[in-house]
Amino acid sequence: MSASDSPTATATAEPTPWALPPRAVLAEVGSSDEGLTADQARTRLAEVGPNRLAPPARTPWWRRVLSQFDDVLIYILLVSAVLKAIVGDWIDFTVILAVAVINAAIGLVQEGRAEKALDGIRSMLSVHAQVRRDGAWTQIDADDLVPGDVVRVRSGDRVPADLRLLEGVNLRVDESALTGESVPASKSSDPVPAGAGVGDRSSMLFSGTLVSAGTGTGVVVETGETTEIGRIQTLISEVDSLETPLSRTLDAFGKKLAVLILVMAVVMVVIGRVVHGFDTPELISAAIGFAVAAVPEGLPALVTITLALGVQQMARRRAITRRLPAVETLGSVTTICSDKTGTLTKNEMTARTVRTAAHEYAVTGISYAPDGEVDLDGSPALLAEHADLRRLAEVMTLCNDARIVRSTVEGGGRGPEGTDGQGGHDDGAGEGDAPGWRLVGEPTEGALRTLGLKAGFDPTGWRRVALVPFESENKYMATLTQDPDGGLHVLVKGAPDRVLDRCATQTGADGRPEPLDRDLWYEQIDAIGAQGLRVLAAARAGTAPGRTTLSPEDVEEGLELVGLVGIVDPPRPEAIEAIAQCQDAGITVKMITGDHSGTALAIAREMGIVPPTGAGDGAPAPQVLTGAELEAMSTEELRAVVEEVDVYARTSPEHKIRIVSALQSRGQVVAMTGDGVNDAPALTQADVGVAMGIKGTEATKEAAEVVLADDNFATIERAVEEGRRIYDNLRKSVLFLLPTNGAQSLVILVAVLLGWALPLQPVQVLWINMVTAVTLSLALANERAEPDIMSRAPRDAKASILTAAYLRRVLLVSVLIGGATMAVYFVERDQGMSVPEAQTTAVTMLALGQLAYLFNCRFLDRSSITFAVLRGNRAVWYSAGALVALQAVFVYAPFMHSWFGSAPIGPREWGITLGLSVVVFLLVEAAKAFGRRRTSAARSR
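Throughout the sequence shown, residue numbering follows the numbering used here, covering 212 to 1152 in sequence.
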């Protein structure tokens, strides 16, 4: 068997085929220009397996179901249900058990982001491939490709595997989903350095990317999971899901509460038995009543419902949440790591500046819509008055294959080039934000065509005669074009160094040629490039009448340099404002992109991510880390600098994960945004993954917790604000709910410790728990945002949901409401009322005391002694009305007397309980005022 027949030939393939000449790569993979034979392909397919991404092993359904119950809050729910079953309350037992099952169902529906992300990536692979087998070209399923196969691709094809390019003609590939590059990458068969990053491997075609122009032939070097996109799948599958700050907080809180309840129950039983000699059945009843009173069984349901309401509110603000806890996690974000292309920028190339020998013009407007103008010193520059600008507009418009078309739906007519809006496919450039306009062609050429429209150039009457297409070796495009008067012109556009080398003169202010000032143009090229702009040059030449052909030799020398154009993928204007608002809220924004460092830094300056040049007194230049520099860093070295660096360029998926992980190791809560496949692993690693809904890939959307319906970075800022509001409301709800349990358990605990008769029966404790959970607890989930919500620093993700000050407030309110409840019970007993009447009055005191405290909780720290407490949340009044109605049923309905041991009470008892509730409200407000003074004094020091 020859080397080429051996199935092991692929096992020793050089891992850096982009650095080897084509012939050497063919030899390494045991192939030739004629490709493989059918027998060789079958042998290799048996060895390496099909060219597809295998689905990961799935967790058994029963284990996934059980995992949904592995939570302290769910344990509390289940314990509460058991306790209610022990006391014979089968209705509440069923309700609480149903809540636990519903929570588990929600978790099952929401989980599986990473698995779906892998499915999304698998769907990107090509279905068919043109391959050379047995010396002839044939079409096969892409699954059957093996290393050594020779494959050809053309414009519009999806690359079926990782290929080492053997030869290419005008080949450009849209790799934006893989590398973040905003323009198609030019491809060449020339080797590149072995250390080149993914975005710089110009001799490679990567599986899943799109050919935007030209044709090429390559040899397969990697298939399936060993391709670049397969490595991304592996990265996603290896990322561990992180606990959210809320889940960590509530888990710790639940454990502490469970221990406290257990300890207090044991102390109560021991003292009741040893000190007061209570009977065992009586002690068991009291212990069950204490546990039922102390366990906040409504808390898990309250958290779930509050988060669900937040999901609905965020959806109204164009942020679709795929996992409930992500709503709250957004509120604790300290760092947003954002991709550049399509997230901070529009992913729509736009001409920003024009430089001729005589003038420097500014171009207004963004995207491909011809909304804007070309200005000189702040005033519109007319082509009739500026011959140099007219010459440049002619070249950039006519030496161009892109079209800007008006949609027939929006525009109802024909486009500016006489198109009907239906021509061609969109080569990945995307649609302009302005209604009715879109690009057909490549982004760079689209920007130049839009420049011509803004300048006012009308191409009517001009006709292309011949073409020298753009090729990566030459880096220019040339056309032979006839003007409306029949004259012929050679028009050239391309890389400035290549065009300048072919020029002998330059266009003057009057449109006529003048001597070429090379130093001027070198200076201008450097100046425009320093702004992060991509520079293109325009040149022209006259030619003899009757000519019909054009060759590269015809443009080797003697051209007239017309000018330069600076092009950029412009920032989203609304994103600039959103970044400033995030910074005001104490949130750091970092740019992580596959683009070049100069471009990334220029965009970062423009967006306010880093200070502009010269800002501050002697401030050091903002640091940019590239992928190559990250590769050379150890994990500890990266952690040392990760918080100081705000711009990362030429990054790969592994780099993005390292950056996010390093930030998390420094205690940062990280949100990662992106739209390409290359962003998916980092989105999974981040505390909150945020995907673009319009331009984002399916893999990225499935890996994210939040999807932006409008692809607008500003929506992230609004989502953070919503997350903070939701967390505030959760805190308010917990702050309200705990004194309910605290007061009830305190009444039973004190009665047992002091040897008194129980003021409340366990079934009455269940009643007050049920009515407050059903009515009052949910009212605070609808509270509006506090006025200072986006001017405070992010909360400490490790801090408890209740600070020490709030815990003191919970204890104070528990004592106040519990003390008032015991007081009315014993006073009513002293007045000669029966036990059922006194207990009914005590339950009413609990209900009205909680209602009064609800108004205290509407504002966490601000005073509630204001008319504002009566406005802004209708749910408070609906809940209050429902509570009073239900309590009236408890007091006066005969069937309730049988079920709960209640009895009718008169206006006097209602008046006493209402008056004491007002006292509770005022005392809590006094405590809040004291806390505000302490906080103010501490800040002044």
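We put the beta carbon where it would ideally sit given N, CA and C, even for glycine.
Under DSSP, the alpha helix (DSSP H) around residue i begins and ends at which residues?
{"i": "W732", "result": "729-741"}
{"i": "H866", "result": "864-876"}
{"i": "R936", "result": "924-964"}
{"i": "A1015", "result": "1015-1041"}
{"i": "P1103", "result": "For the sequence presented, residue 1103 should be read as Tyr rather than Pro. That run of the alpha helix (DSSP H) goes 1085-1103."}
{"i": "G663", "result": "654-666"}
Taking its Cβ as the centre, do 16 or more other Cβ atoms sit within 10 Å of residue i, making it buried, or is it exposed?
{"i": "A385", "result": "The question names Ala, but residue 385 is Asp in the sequence shown. It is buried - the Cβ of D385 has at least 16 other Cβ atoms within 10 Å."}
{"i": "V963", "result": "buried"}
{"i": "Q1042", "result": "exposed"}
{"i": "D890", "result": "buried"}
{"i": "R1143", "result": "exposed"}
{"i": "R929", "result": "buried"}
{"i": "T556", "result": "buried"}
{"i": "Q879", "result": "buried"}
{"i": "Q648", "result": "Contrary to the premise, residue 648 reads as Trp rather than Gln in this sequence. Buried, since its Cβ has 16 or more Cβ neighbours within 10 Å."}
{"i": "K466", "result": "exposed"}
{"i": "D355", "result": "buried"}
{"i": "G641", "result": "Unreliable positioning characterises G641 in this predicted model, as indicated by a pLDDT of 40, which lies under 50. The coordinate reading is nonetheless provided below. By the 10 Å Cβ count, G641 comes out buried."}
{"i": "R324", "result": "Legend: pLDDT at R324 = 41, less than 50; position of this residue unreliable, no value from coordinates given."}
{"i": "I1017", "result": "Note on identity: in this sequence residue 1017 is Tyr, with Ile being the wrong assignment. Per the 10 Å Cβ criterion, buried."}
{"i": "V1129", "result": "exposed"}
Determine the contact status of residue i and residue j, defining contact as a CB-CB distance below 8 Å.
{"i": "I798", "j": "P1005", "result": "yes"}
{"i": "K551", "j": "I814", "result": "yes"}
{"i": "V1131", "j": "I1028", "result": "yes"}
{"i": "R412", "j": "W673", "result": "no"}
{"i": "V364", "j": "G427", "result": "yes"}
{"i": "V958", "j": "P970", "result": "yes"}
{"i": "G667", "j": "L594", "result": "yes"}
{"i": "T895", "j": "I927", "result": "no"}
{"i": "A677", "j": "T759", "result": "yes"}
{"i": "A249", "j": "D345", "result": "yes"}
{"i": "G743", "j": "G805", "result": "no"}
{"i": "R533", "j": "V931", "result": "no"}
{"i": "M1033", "j": "T1124", "result": "no"}
{"i": "V430", "j": "L389", "result": "no"}
{"i": "R343", "j": "V357", "result": "no"}
{"i": "T690", "j": "R675", "result": "yes"}
{"i": "I803", "j": "C548", "result": "yes"}
Per DSSP, which one or two residues make a beta bridge with residue i?
{"i": "W301", "result": "DSSP lists no partner for W301."}
{"i": "G379", "result": "G427"}
{"i": "H597", "result": "Note: H597 sits in no beta bridge, so no partner."}
{"i": "Q693", "result": "R674, L699"}
{"i": "P591", "result": "D586"}
{"i": "H487", "result": "Looking at the DSSP assignment, H487 forms no beta bridge with any residue, so it has no partner."}
{"i": "W348", "result": "R343"}
{"i": "I531", "result": "V918"}
{"i": "R369", "result": "L421"}
{"i": "G705", "result": "Y687, A748"}
{"i": "S397", "result": "R383"}
{"i": "Y1064", "result": "DSSP, once it has assigned bridges, lists no residue as partnering Y1064."}
Could you give the first and the last residue of the continuous beta strand (DSSP E) run that contains residue i?
{"i": "P726", "result": "724-726"}
{"i": "M802", "result": "799-803"}
{"i": "Q251", "result": "Note, Q251: premise wrong, no beta strand (DSSP E); alpha helix (DSSP H) at 249-259."}
{"i": "V574", "result": "571-574"}
{"i": "G777", "result": "770-779"}
{"i": "L747", "result": "745-753"}
{"i": "G885", "result": "881-885"}
{"i": "T564", "result": "561-566"}
Would the beta-carbon of residue i be found less than 7 Å away from any heavy atom of the ligand ZN?
{"i": "L237", "result": "Judged by which ligands are present, the structure shown has none, so any question about the ligand ZN falls away."}
Residue i CB to nearest chain D CB: under 8 Å?
{"i": "S590", "result": "Protein chain content of the structure displayed is limited to a single chain, and chain D is not contained in it."}
The segment 655-671 touching the segment 595-608, judged by at least three CB pairs closer than 8 Å = yes
Segment contact flag, the segment 836-853 with the segment 867-887, C-beta cutoff 8 Å, min 3 pairs | yes
* Specify whether the segment 523-530 and the segment 771-779 touch according to this definition: at least 3 beta carbon pairs, one from each stretch, less than 8 Å apart. => no
### Task
Evaluate contact between the segment 567-578 and the segment 1042-1059, counting only Cβ atoms and requiring at least three cross-stretch pairs below 8 Å.
no
message = Below 8 Å, how does it come out for the segment 1060-1076 and the segment 945-955: are there three or more Cβ pairs, yes or no?
response = yes
| said: If contact is defined by three or more beta carbon pairs under 8 Å, each pair taking one atom from either stretch, is the segment 712-723 in contact with the segment 563-570? | reply: yes
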